[in-house]
Amino acid sequence: MATKNISLPAELEAYVDAKVASGEYAHASEVVRDGLRLMMREETEKLEWLRNAIAEGEASMAAGGTLSSKQVDEELAKQREEWLAAQRKPG
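Per our numbering, the sequence shown starts with residue 2, numbered consecutively.
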């Protein structure tokens, strides 16, 4: 496994140290790896959601369905809020 030296602001350093001190993680590197995995998973889920939204829009357009730009903005804002709410849920 490759070794990287990283600099953390005091707030993140304290968070990492607390996770290790609690026994939840054995080493600081485990905390960082877990955080990076979570970030990768969230990015993948976001891209999947966007691809699905595009596919739905294309299918709707092909079927003759159209929306005004205001309706599009409102729907995207609603769906984005739903997605963000789902990301905040533990699990």
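Where is the CB? At the ideal position from N, CA and C, for every residue including glycine.
Computed from a predicted structure; not experimentally measured.
Out of the options, point me to the one whose CA is closest to residue i's CA.
i: arginine 34; options: Gly65, Ile7 and Ala63; result: Ile7
i: glutamate 83; options: Leu51, Gly36 and Arg38; result: Leu51
i: serine 30; options: Ser23, Asp18, Val73 and Pro91; result: Asp18
i: lysine 90; options: Glu43, Glu49, Ala78 and Lys71; result: Glu43
i: glycine 58; options: Val73, His28, Glu49 and Thr45; result: Val73
Assuming the contact rule is C-beta atoms closer than 8 Å, residue i and residue j should be a hit. Round their C-beta distance to whole Å, please.
i: glutamine 80; j: alanine 54; result: 7 Å
Exercise for the section: Quick one: which unbroken alpha helix (DSSP H) runs of 4-plus residues sit fully inside the region 2-88? Chain order, please. Expected result: 11-22 and 29-63
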